[in-house]
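Worksheet: one structure, shown below.
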Amino acid sequence: MIEFLKSLLPETSFPVLLKYQGRTSRVYYIDNDVLKEASTKEYSGISVRVWYEGVWGFASTSNIREDDVKKAINSAIESAREGKKDKPGTYSKPRFSPNRGSLVVPETDPLENHSVDEKISLVRKAAKKAKSVSEKIVSSSSTYTEIIDEKTMVSNYGTEITYSDRKADFRVAAFASDGNDMELGYASFGATGGWHELFKDRSYERTAEEAAKIALTKLGRESPEGGIYTVVLHPSLVGVLAHEAIGHTVEADFVLSGSAAKGQLGKKVGSELVTLVDDPTPDFWDGATGMVLVDDEGNKPKKVEVIKDGIMKSYLHDAESAAIFDVEPTGNARAFNYSDEPIIRMRNTYIAPGESSVDDLISSTKNGLYLKGLGGGGQADANAEFMFGVLEANKIKNGKITEPLREVTISGQAFDVLKSVDAVANDFLFAMGAGYCGKHQPAKVDAGGPHLRCKVRIGGRK
Amino acid sequence: MKEIKKTIFDRIRKKGNYDIEVFSRSKKRVRIFFEKNELKTLHEDEVEGIGVRVIKDGKLGFSSTNVLNDESIEKIADEATLISDMGTKDIGNVLTPASSYTELKGLYSEEMVSYRLPELMKLARSFFRTAKDYDKRISLDSANVELTVIEDEIGNTLGLSAKKEKTMLTYLLFGMAIDGDDISSFDYRFGVSTNLKNIEEKLNSTATQFASSVINALGAHPCKSFNGMVLLSPQVVADLFGQSLSILLNGEHVLRKRSPFHNKLNEAVGNEKLTIMDNPLVDNSPYSTMFDREGTPTRKLTLIENGILRNFIHNNYSAKHLGCKSTGHASGDFSELPTIELHNIEIPGQKSLKEITKSINQGVFINRFSGNANPINGIVSGTVKGGWFIENGQRAHPLTGVMMGTKVFDMFKNVVAISNETEQTFIGELPYILVDNVSFTGE
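Just so you know, the sequences run in chain order A and B. Reminder that position 194 of the first sequence reads as 194 in the working numbering, one-by-one numbering, no gaps. Basically the working numbering = 1-based index in the second sequence + 462.
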């Protein structure tokens with residue numbers, strides 16, 4: 001493929017990138033002991049991206065034939081030139097840091113080594129296990145998904161690369177009912193790599209039991225009263241805070257549009273206990289789901305310290321925003337399918353661990369809430385006001401976790417919440433690997449951190 | 463497509479007496495994308511793909527590809543057959559027999575098909591400039607004008623064969639207003655049309671609505687916490703009513719008893735002012751379709767009539783299990799197994815928006831809802847975006863930092879008024895709806 005793309009690369013004075021992406025995805029889904037989906041999907045093609053004096057042209061084709069690719073190249077160039085008529089004046093030329101070579105994500109015990117039978121059996125056992133936890137579990141389901149990507153990129157600015165990527169996730173859902181009330185619980189995880197990276201310290205049994213337990217615990221519980229609360233966030237919600245509430249505001253495209261992070265470089269935006277990082281390859285964690293070895297502009301990805309000890313240090317960049325801000329690209333340009341344009345996305349985003357023990361952090365909290373897991377969706381606004389649903393919530397009374405609550409939604413202004421952080425624990429977990437971030441197109445990301453304590457607004461029905 | 467279908471049928475039928483369905487979609491797209499307040503990308507692409515369902519003795523296999531060469535086509539035929547052989551027997555796995563369809567007018571525009579980049583660029587430029595020039599405080603995170611031509615074709619071994627075409631121009635603005643340190647909430651407006659009639663007017667009107675909305679959201683502050691009325695914008699009606707109904711009425715959720723409405727057919731689930739229909743057979747409507755993802759003919763269906771639950775929505779699977787006929791609500795792309803979704807919700811109104819607003823002594827207008835509506839336990843909780851505090855029938859001030867809490871089921875029952883005016887949403891042209899007894903957490 002690399003020779004084929006090189007032979008078609010046009011000789012132009014402006015940047016052109018050709019990318020092939022061959023994707024095979026497989027889904028196995030059991031719903032109440034019925035195999036609802038066992039499928040194999042192929043979605044492959046070539047995209048052409050051209051930058052011409054401040055305007056991008058993009059075209060793609062699923063026909064991997066010379067004539068069709070040449071047609072796409074012409075279409076992308078003509079589009080960019082057409083757009084230039086509408087955008088006269090100065091521009092910042094994209095600043096690339098091209099990668100070369102052959103990249104393969106670390107994969108222990110490849111996904112392909114495990115048969116269709118084994119994967120179907122896995123989801124069947126997981127759904128059955130969830131249902132067996134209690135008679136009140138009226139329904140259960142389980143899904144295994146794998147995405148196998150083979151990319152080849154060549155550009156006239158130095159990119160020449162092949163990249164093999166493997167991402168998989170596993171999830172279980174359980175519905176509980178006591179006749180009057182109904183609740184949903186779920187548990188999931190994901191990874192980049194092989195079977196070992198996905199299941200290294202996790203089993204289908206524990207995941208199924210966890211989903212069932214969450215649904216059962218919430219049955220018949222009350223929502224809290226609305227108001228401002230001291231909360232201890234589990235790493236799963238710290239990840240959501242890092243990604244959803246802060247991370248999106250520091251994506252340079254949002255910054256240029258006027259997000260709340262604009263003009264904040266070098267300024268104090270959080271407690272000095274807070275260090276926030278977006279890392280393409282965290283070396284302390286095997287198989288983080290948002291692992292990126294080369295971005296979709298062909299750039300080398302870099303670890304970015306977004307906030308260091310409460311001070312904002314950097315935004316997340318693609319080649320164009322890097323030029324506008326006069327910095328090096330951070331390798332955050334990502335595209336989900338071959339037919340998607342690369343845009344600025346996060347990878348593995350986390351708040352770095354602190355020094356308190358988790359036990360000390362909880363026992364020193366007189367009254368408040370202990371919140372765990374993303375329930376429903378999470379959203380953040382241009383002004384950094386965020387909202388997300390919480391999957392599990394308990395009261396904290398006199399330093400002890402007590403009775404459960406349900407349907408808690410938290411909100412706040414992200415930087416105000418960061419400033420309210422008064423304790424950060426020394427544990428760590430990535431916990432968002434099963435899901436997708438949505439920004440015009442999906443992206444596999446991960447996020448996490450340690451337990452931490454802060455203040456947020458809780459929405460209530462009283 | 464005819465040849466591909468024959469190749470797949472012949473190849474699989476050599477292996478045994480399988481029922482086979484081939485669904486194909488061809489999509490051509492031209493898109494102009496603005497980002498960071500300026501033109502960013504011009505994008506053209508074309509995708510063709512097929513999905514193959516294979517059923518034998520109630521056992522289902524599925525495979526799909528967008529690479530339409532002999533090798534890929536033979537591969538997915540073999541994989542779908544193999545997966546079917548490994549599947550479990552389920553009486554719900556059935557295909558649609560040969561059917562006849564209601565012809566719909568105005569879903570395909572030759573004029574739109576002939577559009578090229580320069581024409582589309584002209585529309586996009588005007589759309590973008592109308593929003594930007596409205597006020598210098600407008601900041602556009604993104605704007606998008608996209609022309610799509612879609613051709614769907616379905617055939618199966620029961621003799622069904624059908625084809626449909628649609629053209630669509632969609633336009634979307636996403637951004638905020640910035641006045642010094644005052645940044646409004648994000649807002650978006652979008653529209654979609656199957657033809658080019660009055661298209662510039664439609665785009666400019668959408669751009670002006672967006673601009674006016676974000677400018678009016680500046681200077682926001684919280685209101686006190688209270689329990690009272692909420693006036694939902696059509697987008698919020700789509701989010702809270704539309705999305706919840708998509709799950710509550712979904713035949714598969716009814717079958718699995720996951721829908722709290724599963725045993726409520728012909729019972730009151732809402733206020734008598736509330737009637738909701740799904741109508742996919744409207745000429746010139748972008749929401750219309752003559753058949754669903756399984757080739758089943760669509761039809762107008764009353765979902766809730768004066769507050770009484772009248773119908774659930776089904777594909778072949780849920781209909782077969784529940785002993786009824788598919789309502790033509792199978793949905794999905796070529797790469798997906800059919801799921802169940804609503805097409806085009808209609809909610810008739812009774813009053814003008816002006817009358818409704820005047821009747822509010824104390825309440826909140828919510829333009830966008832950032833939160834969750836859980837259709838399983840019914841709980842709605844989230845943040846009011848681009849909202850206004852309303853006092854004595856007048857807009858008092860824009861809102862920020864206010865959370866809203868209620869239950870979906872209570873909202874259906876506490877409907878006070880529905881407007882005659884409607885706006886386009888992702889699930890139909892919907893009205894404004896006034897609902898009582900909603901809790902707000904503010905100052």
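By construction, the Cβ of each residue, glycine as well, lies at the ideal position given by its N, Cα and C atoms.
* **Start-end ranges of the beta strand (DSSP E) lying completely within the stretch 349-396 of chain A, minimum 3 residues** => DSSP runs (the beta strand (DSSP E)) wholly in the stretch 349-396 of chain A: 367-380.
* Proximity of A:E305 and A:V277 at Cβ, strictly below 8 Å -> For the purposes of this step, residue 305 of chain A is taken as the residue at position 305 of the first sequence. For the purposes of this step, residue 277 of chain A is taken as the residue at position 277 of the first sequence. Between A:E305 and A:V277, the C-beta spacing is below 8 Å.
* Could one say the Cβ of B:N876 lies closer than 8 Å to chain E's Cβ atoms, at least one of them? -> Protein chains A and B are contained in the structure displayed, whereas chain E is not.
* Asked: Taking just the CA atoms, how far does A:E297 sit from B:L693?
  -> As a position in the second sequence, residue 693 of chain B is number 231, starting the count at 1. As a position in the first sequence, residue 297 of chain A is number 297, starting the count at 1. Straight-line Cα distance between these residues: approximately 45 Å.
* Asked: Are there 16 or more other CB atoms within 10 angstroms of the CB of B:C786, so buried, or fewer, so exposed?
  -> If you number the second sequence from 1, residue 786 of chain B lands on position 324. A residue is called buried when at least 16 other Cβ atoms come within 10 angstroms of its Cβ; B:C786 does not meet this threshold and is exposed.
* Name the chain B residues that come within less than 7 Å of A:L256, Cβ to Cβ? -> Residue 256 of chain A sits at position 256 when you count from the first residue of the first sequence. Within 7 Å Cβ-Cβ: K498.
* Candidates A:M387, A:E197, A:A447 and A:E251, of which the one nearest A:M312 by Cα -> Within the first sequence, the letter at position 312 stands for residue 312 of chain A. Selected option, being the one with the closest Cα: A:E251.
* Identify each residue in the stretch 535-554 of chain B for which the Cβ-Cβ distance to at least one residue of chain A is less than 9 Å, and report them in chain order. => Answer set for the stretch 535-554 of chain B: K537, I538, E541, A542, L544, I545, S546, M548, G549, T550, D552 and G554.
* With a cut-off of 8 Å, does the C-beta of A:A59 fall near any C-beta of chain B? -> Residue mapping note: residue 59 of chain A aligns to position 59 of the first sequence, counting from 1. By this cut-off, A:A59 is an interface position.
* **Closest by C-alpha distance to B:L680, when choosing among B:S646, B:T670, B:Q705 and B:A700** => Reading the second sequence from its first residue, position 218 is the one you call residue 680 of chain B. Per the Cα distances, B:S646.
* Runs of beta strand (DSSP E) wholly within the stretch 792-843 of chain B (minimum 3 residues, chain order) -> Every beta strand (DSSP E) stretch that sits fully inside the stretch 792-843 of chain B and reaches 3 residues is listed by chain position as 824-828 and 830-835.
* Output yes or no for whether 8 Å exceeds the beta carbon distance between B:I474 and B:T543. => Within the second sequence, numbered from 1, the residue matching residue 474 of chain B stands at position 12. Within the second sequence, numbered from 1, the residue matching residue 543 of chain B stands at position 81. Going by beta carbons, B:I474 and B:T543 fall inside the 8 Å limit.
* Could you spell out the range, first to last residue, of the beta strand (DSSP E) harbouring B:H505? => As a first step, residue 505 of chain B must be located in the second sequence, where it is residue number 43. Under the DSSP assignment, B:H505 falls in the beta strand (DSSP E) whose first and last residues are E500 to K518.
* Roughly how many whole angstroms lie between the Cα atoms of A:T192 and A:A431? -> As a first step, residue 192 of chain A is located in the first sequence; it is residue number 192 there, counting from the start. As a first step, residue 431 of chain A is located in the first sequence; it is residue number 431 there, counting from the start. Computed Cα separation, rounded: 13 Å.
* In the DSSP assignment, what residue or residues form a beta bridge with A:Q413? -> Position 413 of the first sequence holds residue 413 of chain A. According to DSSP, A:Q413 bridges with A:E385.
* Exposed or buried, B:I812, counting other C-beta atoms within 10 Å across all chains shown (16 or more means buried)? -> Position 350 of the second sequence, counted from the first residue, corresponds to residue 812 of chain B. The residue you asked about is not Ile; residue 812 of chain B is Gln in the sequence shown. Within 10 angstroms of the beta-carbon of B:Q812 lie fewer than 16 other beta-carbons, which makes it exposed.
* Asked: Roughly how many angstroms separate the alpha carbons of B:K659 and B:G794, rounded to a whole number?
  -> As a working mapping, residue 659 of chain B is identified with position 197 in the second sequence. As a working mapping, residue 794 of chain B is identified with position 332 in the second sequence. Between B:K659 and B:G794, the C-alpha separation is close to 29 Å.
* In the DSSP assignment, find the unbroken alpha helix (DSSP H) run with B:H715 in it and report its ends. => The residue given as residue 715 of chain B occupies position 253 in the second sequence. Segment G713 to L717, the alpha helix (DSSP H) holding B:H715.
* For A:K462, decide whether its Cβ has a neighbour in chain B, counting only Cβ atoms nearer than 8 Å. => One-based indexing of the first sequence puts residue 462 of chain A at position 462. Bear in mind that the predicted position of A:K462 carries a pLDDT of just 49, short of 50, making it unreliable; the figure below should be weighed with that in mind. Nearest CB-CB separation between A:K462 and chain B: below the 8 Å threshold.
* Asked: Name the residues in the stretch 493-523 of chain B whose C-beta lies less than 9 Å from a C-beta of chain A; which are they?
  -> So the list reads R493, I494, F495, E497, K498, N499, E500, L501, K502, T503, L504, H505, E506, D507, E508, V509, E510, G511, G513, K521, L522 and G523, given in the order they occur along the chain.
* Asked: At a Cβ threshold of 8 Å, is B:T469 touching chain A?
  -> The residue labelled residue 469 of chain B in the question sits at position 7 within the second sequence. False, the Cβ-Cβ gap to chain A never drops below 8 Å.
* Would you say B:M630 reaches chain A, if we count a Cβ-Cβ gap shorter than 8 Å as a contact? -> Reading the second sequence from its first residue, position 168 is the one you call residue 630 of chain B. With a threshold of 8 Å between beta carbons, B:M630 makes no contact with chain A.
* Asked: Tell me, which residues are paired with B:D449 by DSSP?
  -> Residue 449 of chain B lies beyond the stretch modelled for chain B, which goes from 463 to 905, so this question has no answer here.
* Asked: Below 8 Å, can you find three or more Cβ-Cβ pairs linking the stretch 198-215 of chain A to the stretch 123-140 of chain A?
  -> Touching, yes, given that three or more Cβ pairs across the two stretches are closer than 8 Å.
* **the stretch 413-430 of chain A touching the stretch 241-261 of chain A, judged by at least three CB pairs closer than 8 Å** => Below 8 Å, enough C-beta pairs join the stretch 413-430 of chain A and the stretch 241-261 of chain A to call them touching: three or more.
* To do: Express the C-alpha separation of A:N74 and B:I841 in angstroms, rounding to a whole number.
  => Within the second sequence, the letter at position 379 stands for residue 841 of chain B. Within the first sequence, the letter at position 74 stands for residue 74 of chain A. Using only the alpha carbons, I get a separation of about 52 Å.
* To do: Report the rounded CA-to-CA distance for B:L585 versus B:R591, giving the unit in angstroms.
  => On the second sequence, position 123 is the one that residue 585 of chain B refers to. On the second sequence, position 129 is the one that residue 591 of chain B refers to. In a straight line, the C-alpha of B:L585 is about 10 Å away from that of B:R591.
* To do: Indicate whether A:F284 and B:R720 have their beta-carbon atoms separated by less than 8 Å.
  => Here residue 284 of chain A refers to the residue found at position 284 of the first sequence. Here residue 720 of chain B refers to the residue found at position 258 of the second sequence. No, they are not a contact pair.
* Mapping DSSP to helix, strand and coil, what is A:H243? -> For the purposes of this step, residue 243 of chain A is taken as residue 243 along the first sequence, with counting starting at 1. Three-state result, A:H243: helix.
* **Reference A:S364; option with closest CA among A:D422, A:L405 and A:D340** => Position 364 of the first sequence, counting from 1, holds the residue named residue 364 of chain A. The residue with the shortest Cα to Cα distance from A:S364 is A:D422.
* Which chain A residues sit within Cβ distance under 8 Å of B:N528? -> By 1-based counting over the second sequence, the position of residue 528 of chain B is 66. For B:N528, the neighbours in chain A by C-beta distance under 8 Å run, in chain order, E42, Y43, S44, G45 and S62.
* Pick from B:S674, B:N555, B:V575 and B:M583 that is closest to A:K85, judged by C-alpha positions -> Indexing the first sequence from 1 puts residue 85 of chain A at position 85. Out of B:S674, B:N555, B:V575 and B:M583, B:M583 has the C-alpha closest to the C-alpha of A:K85.
* Under 6 Å Cβ to Cβ from A:R171, same chain only, skipping five residues before and after it: list those, please. => As a first step, residue 171 of chain A must be located in the first sequence, where it is residue number 171. Excluding residues within five positions, the ones whose Cβ falls inside 6 Å are T143, S188 and A434.
* Nearest CA to the CA of A:E42: which residue from A:T24, A:S62, A:V48 and A:S155? -> Working through the first sequence from its first residue, we reach residue 42 of chain A at position 42. Each of A:T24, A:S62, A:V48 and A:S155 was checked against the Cα of A:E42, and the nearest Cα belongs to A:T24.
* To do: Grab the span of the beta strand (DSSP E) containing B:Q856 for me, first residue to last.
  => As a working note, residue 856 of chain B is residue 394 in the second sequence. Segment Q856 to L861, the beta strand (DSSP E) holding B:Q856.
* **Cutoff 8 Å: A:F175 Cβ touching any chain B Cβ** => Here residue 175 of chain A is taken as the residue at index 175 of the first sequence, counted from 1. A:F175 counts as touching chain B.
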